[in-house]
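Enquirer:
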DNA sequence: CCGCGCCTCCCTCCACTGATTGAGGTCCCC
DNA sequence: GGGGACCTCAATCAGTGGAGGGAGGCGCGG
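Now the structure itself:
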């Protein structure tokens with residue numbers, strides 16, 4: 001397994017390299033002191049794994065991660081001092097496969113490196129907790145709203161689904177193959193049942209209840 | 001640390017108990033063979049941690065997890081055979097703090113138990129990968145839309161945010177302390193800039209672009 | 001200094017929306 | 001056979017929403 005270590009602090013860079021090199025199946029093939037250099041070396045050396053610090057001069061770790069994931073097949077494991085970092089999501093979106101804090105134990109680091117290189121993902125416990133809280137929160141407001149969804153008839157639900165796509169009554173009528181009058185009936189009824197005023201609120205309700213999900217259209 | 005082990009298979013139950021009991025600071029205070037029993041014993045014994053299997057008779061692990069989290073302060077670490085389980089999200093929503101596969105290594109299990117009992121969270125690598133993919137996907141459609149958000153002026157963005165709450169122009173005017181005319185201007189302008197037809201589509205755009213997020217209101 | 005972008009405000013016009021009322025049809029359960 | 005819930009369509013009507021066109025003030029960079 002060939003690894004590239006990117007960190008602006010020489011001490012960490014050396015430490016990580018030494019820890020990894022202590023294992024026969026792992027070789028640190030290069031080091032980089034900033035994001036731009038990390039991208040260059042990653043392209044040049046084509047490593048299996050890049051150990052990436054977030055805070056770095058010239059180009060931060062997130063941008064470097066995005067670049068590397070775009071241009072190489074290397075997996076990126078992000079290391080940072082601060083668990084409170086909002087960079088977590090940015091890093092994951094950029095393509096990072098893992099996110100660890102620098103207080104990680106040596107054997108954990110090695111295990112994580114192997115896992116990530118193998119295509120799995122791994123997060124520091126504190127990060128995992130936040131991620132889970134997010135997932136839970138995203139589904140938390142739902143039960144109450146979701147129940148109210150159940151009060152709607154099948155056709156009203158269909159109609160709401162279309163409303164939540166931003167369609168006009170005429171377009172919905174075409175989509176559901178009924179007259180616009182019918183659509184208006186359904187819309188009126190579902191607004192009344194859900195205690196909403198207009199279709200804009202209906203769209204909000206659809207997203208908040210989970211009937212519509214961002215990133216699915 | 002006091003642990004309750006819930007699994008319908010005697011072999012696993014005994015194995016887990018033995019592994020955990022091998023450590024001085026961990027004591028298995030009880031075992032349960034199904035979900036209902038797990039809830040009873042959790043309430044009775046008030047353990048620090050519950051090791052919970054998902055597939056169990058009488059009451060499944062998800063329902064038991066929800067019950068236990070509601071009625072006790074115990075942390076729940078879910079163990080399952082199948083990583084493909086859709087139960088992951090249900091379990092996390094139910095309040096589980098961790099999710100491991102049964103092929104976990106012994107020392108990993110012990111470490112996970114300690115972490116979870118300490119309030120952190122931990123997921124099996126395969127599960128983490130799926131969770132991350134989800135987070136990324138949820139933000140994946142965004143870059144294109146997000147860029148277009150940048151074309152809006154500050155005030156237009158404020159206005160869009162209010163539109164995305166389902167407010168009428170009059171309500172937005174009150175909220176932003178301007179006249180309704182001004183709000184109409186902003187709405188007209190932002191609709192034109194974003195190529196949208198009406199406020200319903202604006203709400204959709206707000207959610208899809210990430211300006212509005214389900215579960216934040 | 002002048003122009004430009006942004007925020008603010010005003011007016012008119014009209015399509016769309018949603019409320020309301022009513023009614024014909026099917027299907028299912030009592 | 002007679003409700004009852006649902007889907008369908010219809011007509012009318014008040015209100016909102018959005019387009020289009022102007023206009024004044026403010027701040028910033030050329």
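Residue numbers (UniProt numbering), protein chains in the order written: chain A, 1 to 217; chain B, 1 to 217. For every residue, glycine included, the Cβ atom is placed at its ideal position computed from N, Cα and C.
Does DSSP put residue 102(A) in a helix, a strand or coil?
Expert: Coil, per DSSP.
Enquirer: Strictly by DSSP, which residues pair up with residue 208(B)?
Expert: Per DSSP, none; premise fails for residue 208(B).
Enquirer: Tell me, please, whether the stretch 194-208 of chain B touches the stretch 155-167 of chain A by the rule of three or more beta-carbon pairs shorter than 8 Å.
Expert: Yes, the stretch 194-208 of chain B is in contact with the stretch 155-167 of chain A.
Enquirer: Please say whether residue 30(B) and residue 11(B) have beta carbons closer to each other than 8 Å?
Expert: Taking 8 Å as the Cβ cut-off, residue 11(B) and residue 30(B) do not qualify as a contacting pair.
Enquirer: With distance defined between alpha-carbon atoms, name the residue in 65(A), 149(A), 93(A) and 113(A) nearest to residue 27(A).
Expert: Of the listed residues, the one whose Cα sits closest to residue 27(A) is 113(A).
Enquirer: Suppose you measure from the CA of residue 117(B) to the CA of residue 72(A); what does that come to, to the nearest Å?
Expert: Between residue 117(B) and residue 72(A), the C-alpha separation is close to 39 Å.
Enquirer: If I measure Cβ to Cβ from residue 40(B) and keep anything under 6 Å in the same chain, skipping five residues before and after, which residues do I get?
Expert: Excluding sequence neighbours, residue 40(B) sits near nothing in its chain.
Enquirer: For residue 2(A), list the residues DSSP reports as bridge partners.
Expert: Residue 2(A) is bridged to 27(A).
Enquirer: Strictly below 8 Å CB to CB, what residues from chain A border residue 201(B)?
Expert: In chain order: 166.
Enquirer: Could you check where the beta strand (DSSP E) with residue 76(A) kicks off and where it finishes?
Expert: Residue 76(A) -> beta strand (DSSP E) spans 75-80.
Enquirer: Taking only beta-carbon atoms, is residue 79(B) less than 8 Å away from chain A?
Expert: No, because no Cβ of chain A sits closer than 8 Å to the Cβ of residue 79(B).
Enquirer: Within the same chain, show all residues whose beta-carbon is closer than 6 Å to that of residue 33(A), passing over the 5 residues directly before and after it, in chain order.
Expert: Hits under 6 Å: 8.
Enquirer: Please determine, among 176(A), 184(A) and 138(A), the residue with the shortest C-alpha to C-alpha distance to residue 207(B).
Expert: With distances taken between Cα atoms, residue 207(B) lies closest to 138(A).
Enquirer: Thinking C-alpha only, which one of 120(A), 80(A) and 132(A) is nearest residue 98(B)?
Expert: It is 132(A) whose Cα lies nearest to the Cα of residue 98(B).
Enquirer: Tell me the DSSP secondary structure of residue 50(A) in three-state form.
Expert: Looking at residue 50(A) - three-state DSSP - the assignment turns out to be strand.
Enquirer: Would you list, in sequence order, the uninterrupted beta strand (DSSP E) runs of no fewer than 3 residues that lie entirely inside the stretch 96-172 of chain A?
Expert: List check, beta strand (DSSP E) in window: 98-101.
Enquirer: Name the chain A residues that come within less than 7 Å of residue 132(B), Cβ to Cβ?
Expert: Going along chain A in sequence order, the residues near residue 132(B) (Cβ under 7 Å) are 92 and 121.
Enquirer: Taking residue 96(B) as the reference, which of 106(B), 69(B) and 109(B) has the closest Cα?
Expert: That would be 69(B), whose Cα lies nearest to the Cα of residue 96(B).
Enquirer: Can you check whether the C-beta of residue 207(A) is within less than 8 Å of a C-beta belonging to chain B?
Expert: Yes, contact with chain B.
Enquirer: Buried or exposed for residue 23(B), please, with buried defined as at least 16 other CB atoms from any protein chain shown within 10 angstroms of its CB.
Expert: So residue 23(B) counts as exposed.
Enquirer: Could you name the residues of chain A that residue 126(B) contacts, counting a contact when the two beta carbons are closer than 9 Å?
Expert: Those within 9 Å of residue 126(B) in chain A are 120 and 121.
Enquirer: Output, in chain order, the set of chain B residues within a Cβ distance shorter than 9 Å of residue 129(A).
Expert: By Cβ distance, chain B contributes 97, 119, 120, 121 and 122.
Enquirer: Strictly under 8 Å for the Cβ-Cβ distance: is residue 195(B) near chain A by that measure?
Expert: Chain A, which has no Cβ nearer than 8 Å to the Cβ of residue 195(B), makes this no.
Enquirer: Taking 8 Å as the cut-off, decide whether the C-beta atoms of residue 52(A) and residue 78(A) are in contact.
Expert: Yes, the Cβ-Cβ distance between residue 52(A) and residue 78(A) is below 8 Å.
Enquirer: From residue 6(B) to residue 121(B), what does the alpha carbon distance come to, in whole angstroms?
Expert: About 19 Å.
Enquirer: Just checking: is the beta-carbon of residue 115(A) within a distance shorter than 8 Å of some beta-carbon in chain B?
Expert: Judged by the 8 Å Cβ criterion, residue 115(A) is in contact with chain B.
Enquirer: So, is the C-beta of residue 204(A) closer than 8 Å to a C-beta in chain B?
Expert: By this cut-off, residue 204(A) is an interface position.
Enquirer: With a threshold of 7 Å on Cβ separation, who are the neighbours of residue 193(A) within its own chain once the five nearest residues in sequence on each side are excluded?
Expert: Closer than 7 Å at the Cβ level, and outside the excluded window around residue 193(A), lie 151 and 152.
Enquirer: Alpha carbon to alpha carbon, how far is residue 176(B) from residue 16(B)? Give it in angstroms, no decimals.
Expert: Going from the Cα of residue 16(B) to the Cα of residue 176(B) covers about 59 Å.
Enquirer: Which residues in the same chain have their Cβ closer than 7 Å to the Cβ of residue 211(A), if we skip the five residues on either side of it in sequence?
Expert: Result list for residue 211(A): 149, 160, 161 and 164, in chain order.
Enquirer: Pick out whichever of 156(A), 88(A), 111(A) and 205(A) has its Cα sitting closest to the Cα of residue 135(B).
Expert: If we check each option's Cα against that of residue 135(B), 88(A) comes out closest.
Enquirer: Given that a residue counts as buried once 16 or more other Cβ atoms are within 10 Å of its Cβ, and exposed if not, what is residue 209(A)?
Expert: When all chains shown are included, residue 209(A) counts as buried.
Enquirer: Could you have a look at residue 22(A) and say whether DSSP puts it in helix, strand or coil?
Expert: Residue 22(A): coil per DSSP, three-state reduction.
Enquirer: When the Cα atoms are used, what is the spatial distance from residue 155(B) to residue 155(A)?
Expert: If I take the Cα positions, the gap works out to 38 Å.
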